[in-house]
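Asker: This is the structure, below, for whatever I ask next.
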Amino acid sequence: MKYYGIRKNRNINYISLKGFKLKSKIEYLTEFDKEKKKIKEEMYRDEFLEPPLFEKSNQIPDEFFYEPGVMIATDLVAKENINQLKSGLKKIILKYSTKKFLSSFSNINEIKQYVENLNENITDNQTWINLGRFDFSSHPTLDKEIAYFDIKLLNFSSSFIAIQFIIFMSNEQKRKLTKLINEDYKGNLKQVTSYYGRKRSKSGARKKYTVTTYDKDSIKNIKISEFTTELKWVLFNQVSKYIPTLLHRLGTVPPSVNIFKTNISLNDKKSASFLNSIGYDSFRFLPISESSSIIIDPLTDSLKNKNYSDYTYIVNTEFKEKHEGYLDMNHQIVHELEYLYLYLMKTHILKVMSNKISSVSSFYRNKVNNVRIKKKSYKKLLTLRYAYEKDTNIFKRLFEEIDWENEKKRLESFPFETMDNLERQHTHAYKVLTEYPFIIKGEIEKYQNYIKYEIENKLTLTSHLKDYKDEGRNHRLNIINILISTITFLSLLFPSIPIKLANQLKQVILFLSDF
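Under my numbering, think of the first position of the sequence shown as 1400, with each following residue one higher.
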């Protein structure tokens, strides 16, 4: 799906809003009753023309900055596609190795050896293999969006390889995103939403639509998330032509940790509106050290969308101390985050994939519930069981191959420098980080077991019905066989019987034809 459906949904909302606005205007213009017309006109003006009440600016204060850094995005490759992966990496190296830097990894034989080792190794590890730095200089349109990117590989599990992209956006895209972040949001705040309303003439309800106005902090936050998500689509859409990336090809946005650098204090109450507009919420915010924090779930519940599951990593450069061995501060931040993300990566992927699993499971639940217990349904149920097992096999492997108990222990040992001083309002985010993924996993497994039970239960009932009907048919066939045998035996004893039977049949046929 292009841009993961973001632009499509945006266009649908735009057209829907225009339609609602025109409909509302026509309704009040064509109303003949003066009182009703006045009410409808006021509703039209309040809904579409009047600015929101109590509107605050979410522009960043003058003395502060908040600017985007790199994005670290992760996808998976199934090991049965190892040959396609090797071939694709070779093409990417030959076509996209960057000329913007002096060094770039390009030893094809060594890469093949690394990839083969990943295939042979059935246990996961914590060491990334760096394949080098690449860019889209040969594609001017793409080059305007992404300056360059690094590719790394990791043995994820016995049948999956993790592939990581460190994405450096172009200066032009950085300027656009920084402008969106720092300025007061002035765009559209309205969305078409659905609800169930009463029927006028009888009991029951029907689906209706209305226009909802959201606060601009939330909408600005959405726009920032959409910006980074679209940028990921640009990269994954291109590299997936060569590499069989799992999540992207399923239409699921590969998860990422997006780095932002700032000098603003996240506890500054004077900048509350701006902080809300970048996703800050004390219940979703978790301090890691004096200089770094992470936002686990940057969107408000009312605007939650399955496309946005990224983590936001915020670094306050005023408190960040540079260590030796790094080229610059950016290099240090990325390296430190890569190390921290190893603690979060598997549960992050689990959270992202849960949306797809839920969607697939809901589809098959409805399919199973619609199958009636009939003799001819047995084959249909067998086909349905095969399709369900096939479509959920990838998720099943993910669940079974990873030691999730060990992952839980790893999360609990996440290296917080501020763990002892964790404030009460941040404990919610800590639980979301360390407990919520496993709750999701338990719910998904329960849901999948229910669907499997329903399929097997209906197969058993259908089989019993099939056996019962087959038994009845066999009983009737036995009676017919006995009659035929009896007639045959009597025909041998009394040769005149077949002649009499034939005459009787002839009379019946003549009677029916005359009739």
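C-beta atoms are modelled at their ideal positions from N, C-alpha and C, and glycine is treated no differently.
Which residues does DSSP pair with E1853 in a beta bridge?
Answerer: Taking the sequence shown and counting its residues from 1, the one referred to as residue 1853 is at position 454. Bridge partners of E1853: none, in fact.
Asker: What did DSSP end up calling S1486 once you bin it into helix, strand or coil?
Answerer: Along the sequence shown, one-based indexing puts residue 1486 at 87. Correct three-state label for S1486: helix.
Asker: Between E1466 and F1635, is the Cβ-Cβ spacing less than 9 Å?
Answerer: Numbered from 1 along the sequence shown, position 67 holds the residue referred to as residue 1466. Numbered from 1 along the sequence shown, position 236 holds the residue referred to as residue 1635. Result no, Cβ atoms of E1466 and F1635 do not sit closer than 9 Å.
Asker: Curious, which full-length beta strand (DSSP E) runs of at least 3 residues does the stretch 1671–1697 contain?
Answerer: You should have 1684–1686, 1691–1694.
Asker: Go through its chain and collect everything with a Cβ distance to T1699's Cβ below 6 Å, but skip five positions before and after it.
Answerer: Within the sequence shown, the letter at position 300 stands for residue 1699. Unreliable positioning characterises T1699 in this predicted model, as indicated by a pLDDT of 45, which lies under 50. The coordinate reading is nonetheless provided below. Cβ within range, chain order: S1617.
Asker: Looking only at its own chain, which residues have a Cβ that is under 7 Å from the Cβ of F1500, when we skip the five neighbours before and after it?
Answerer: Looking up residue 1500 in the sequence shown gives position 101. R1532, listed in sequence order.
Asker: Give me, in chain order, the residues of the same chain whose beta-carbon lies closer than 8 Å to that of V1633; leave out the 5 immediate sequence neighbours on both sides.
Answerer: Along the sequence shown, read from residue 1 onward, the residue named residue 1633 stands at position 234. Around V1633: L1541, E1544, I1545.
Asker: Once you ignore the five residues that flank I1663 on each side, which residues in its own chain have a CB closer than 7 Å to its CB?
Answerer: Locating residue 1663 in the sequence shown gives position 264, counting from the first residue. Only F1463, Y1465, S1670 meet the Cβ criterion.
Asker: In terms of alpha-carbon separation, which member of K1433, K1489, I1687, E1440 lies closest to K1422?
Answerer: Taking the first residue of the sequence shown as 1, we reach residue 1422 at position 23. Ranking the options by Cα distance to K1422, first place goes to E1440.
Asker: So F1447 and K1420 are in contact, right, with Cβ under 8 Å, and what is the actual spacing, rounded?
Answerer: The sequence position of residue 1447 within the sequence shown is 48, counting from 1. The sequence position of residue 1420 within the sequence shown is 21, counting from 1. Contact holds; Cβ gap of about 5 Å.
Asker: Going along the chain, which residues of its own chain have a beta-carbon closer than 7 Å to the beta-carbon of K1424, five neighbours each way excluded?
Answerer: For the purposes of this step, residue 1424 is identified with residue 25 of the sequence shown, where counting begins at 1. The residues are Y1443.
Asker: Please classify A1786: is it buried, with 16 or more other beta-carbons within 10 angstroms of its beta-carbon, or exposed?
Answerer: Counting from 1 along the sequence shown, the entry for residue 1786 is found at position 387. With fewer than 16 Cβ atoms within 10 Å of its Cβ, A1786 is classed as exposed.
Asker: Roughly how far, in whole angstroms, is the beta-carbon of I1801 from the beta-carbon of S1558, given that I think they are within contact range, below 8 Å?
Answerer: Position 402 of the sequence shown holds residue 1801. Position 159 of the sequence shown holds residue 1558. Incorrect: roughly 11 Å between the Cβ atoms, too far for contact.
Asker: Rounded to the nearest angstrom, what separates L1579 and Q1458 at their Cα positions?
Answerer: If you number the sequence shown from 1, residue 1579 lands on position 180. If you number the sequence shown from 1, residue 1458 lands on position 59. Roughly 9 Å separates the two Cα atoms.
Asker: What residues are listed by DSSP as bridge partners for Y1725?
Answerer: The residue you call residue 1725 lines up with position 326 of the sequence shown. Partner(s): none; Y1725 has no beta bridge.
Asker: Could you give the DSSP three-state label for R1406: helix, strand or coil?
Answerer: Numbered from its first residue, the sequence shown carries residue 1406 at position 7. Residue state, collapsed to three classes: helix.
Asker: On a Cα-Cα basis, can you pick out the residue from D1790, N1408, T1611, S1761 that is closest to I1591?
Answerer: As a working mapping, residue 1591 is identified with position 192 in the sequence shown. Per the sequence presented here, residue 1591 reads as Val, with Ile not at that position. For V1591, the nearest C-alpha among the options comes from T1611.
Asker: Give the range of the beta strand (DSSP E) segment to which N1554 is assigned.
Answerer: The sequence position of residue 1554 within the sequence shown is 155, counting from 1. Per DSSP, N1554 belongs to the beta strand (DSSP E) from 1545–1554.
Asker: Alpha carbon to alpha carbon, how far is S1672 from T1791?
Answerer: If you number the sequence shown from 1, residue 1672 lands on position 273. If you number the sequence shown from 1, residue 1791 lands on position 392. Rounded to the nearest angstrom, the two C-alpha atoms are 43 Å apart.
Asker: Would you mind reading off the limits of the alpha helix (DSSP H) that contains T1833?
Answerer: Residue mapping note: residue 1833 aligns to position 434 of the sequence shown, counting from 1. Where T1833 is concerned, the enclosing alpha helix (DSSP H) stretches over 1826–1833.
Asker: Considering only the beta carbon of each residue, do L1484 and V1514 sit closer than 9 Å?
Answerer: The residue you call residue 1484 lines up with position 85 of the sequence shown. The residue you call residue 1514 lines up with position 115 of the sequence shown. For L1484 and V1514, yes; Cβs fall inside 9 Å.
Asker: Going by C-alpha to C-alpha distance, which of D1461, I1642, N1666, K1857 sits closest to I1772?
Answerer: Taking the sequence shown and counting its residues from 1, the one referred to as residue 1772 is at position 373. The shortest Cα separation from I1772 among D1461, I1642, N1666, K1857 belongs to K1857.
Asker: Does the beta-carbon of G1678 have 16 or more other beta-carbons within 10 angstroms, so that it is buried, or is it exposed?
Answerer: Taking the first residue of the sequence shown as position 1, residue 1678 is located at position 279. Buried is the call here.
Asker: Taking only runs that begin and end inside the stretch 1607–1665, name each unbroken alpha helix (DSSP H) of 4 or more residues, in chain order.
Answerer: Listed in chain order, they are 1615–1638, 1645–1648.
Asker: Is the beta carbon of Y1740 sitting closer than 9 Å to the one on N1657?
Answerer: Start at 1 with the first residue of the sequence shown, and residue 1740 comes out as number 341. Start at 1 with the first residue of the sequence shown, and residue 1657 comes out as number 258. Contact: no.
Asker: With a CB to CB cut of under 6 Å and the five nearest residues on each side skipped, what residues in its chain are close to Y1641?
Answerer: Working through the sequence shown from its first residue, we reach residue 1641 at position 242. So the list reads G1487, K1490, I1491, once near-sequence residues are dropped.
Asker: So what's G1586 in DSSP terms, helix, strand or just coil?
Answerer: Reading the sequence shown from its first residue, position 187 is the one you call residue 1586. If DSSP states are grouped into helix, strand and coil, G1586 belongs with coil.
Asker: Output yes or no for whether 9 Å exceeds the beta carbon distance between A1828 and L1685.
Answerer: Position 429 of the sequence shown, counted from the first residue, corresponds to residue 1828. Position 286 of the sequence shown, counted from the first residue, corresponds to residue 1685. Contact: yes.
Asker: Please name the residue in R1796, Y1427, S1456 whose C-alpha comes closest to that of K1619.
Answerer: Counting from 1 along the sequence shown, the entry for residue 1619 is found at position 220. Comparing Cα-Cα distances from K1619 to each of R1796, Y1427, S1456, the minimum goes to S1456.
Asker: Can you find the residues in the same chain that come closer than 7 Å, C-beta to C-beta, to S1692, ignoring five residues on each side of it along the sequence?
Answerer: As a first step, residue 1692 must be located in the sequence shown, where it is residue number 293. Only L1665, F1684, L1685, P1686, I1713 meet the Cβ criterion.
Asker: For K1606, collect the residues of the same chain with a Cβ closer than 7 Å to its Cβ; drop the 5 residues on either side in sequence, then sort them by chain order.
Answerer: One-based indexing of the sequence shown puts residue 1606 at position 207. Only S1593, Y1595 meet the Cβ criterion.
Asker: Starting from the C-beta of I1528, find all residues in its chain whose C-beta is less than 8 Å away, skip the five residues before and the five after it, and write them out in chain order.
Answerer: For the purposes of this step, residue 1528 is identified with residue 129 of the sequence shown, where counting begins at 1. Within the same chain, I1528 has close Cβ partners Y1513, L1517, K1551, L1552, L1553.
Asker: Less than 8 Å between the CB atoms is what I'm expecting for E1625 and I1405, so what's the real figure, rounded?
Answerer: Counting from one through the sequence shown, the residue named residue 1625 turns up at place 226. Counting from one through the sequence shown, the residue named residue 1405 turns up at place 6. Rounded, the Cβ-Cβ distance is 5 Å, consistent with contact.
Asker: Between the beta-carbon of T1644 and the beta-carbon of D1474, is there less than 9 Å?
Answerer: Position 245 of the sequence shown, counting from 1, holds the residue named residue 1644. Position 75 of the sequence shown, counting from 1, holds the residue named residue 1474. In this structure, D1474 lies closer than 9 Å to T1644 by Cβ.
Asker: Which same chain residues, not among the five before or five after L1832, have their C-beta less than 6 Å away from its C-beta?
Answerer: Here residue 1832 is taken as the residue at index 433 of the sequence shown, counted from 1. Contacts found: I1695.
Asker: Helix, strand or coil for M1752? Go by DSSP, reduced to three states.
Answerer: To locate residue 1752, count along the sequence shown from 1; it is residue 353. Here M1752 sits in helix by DSSP.
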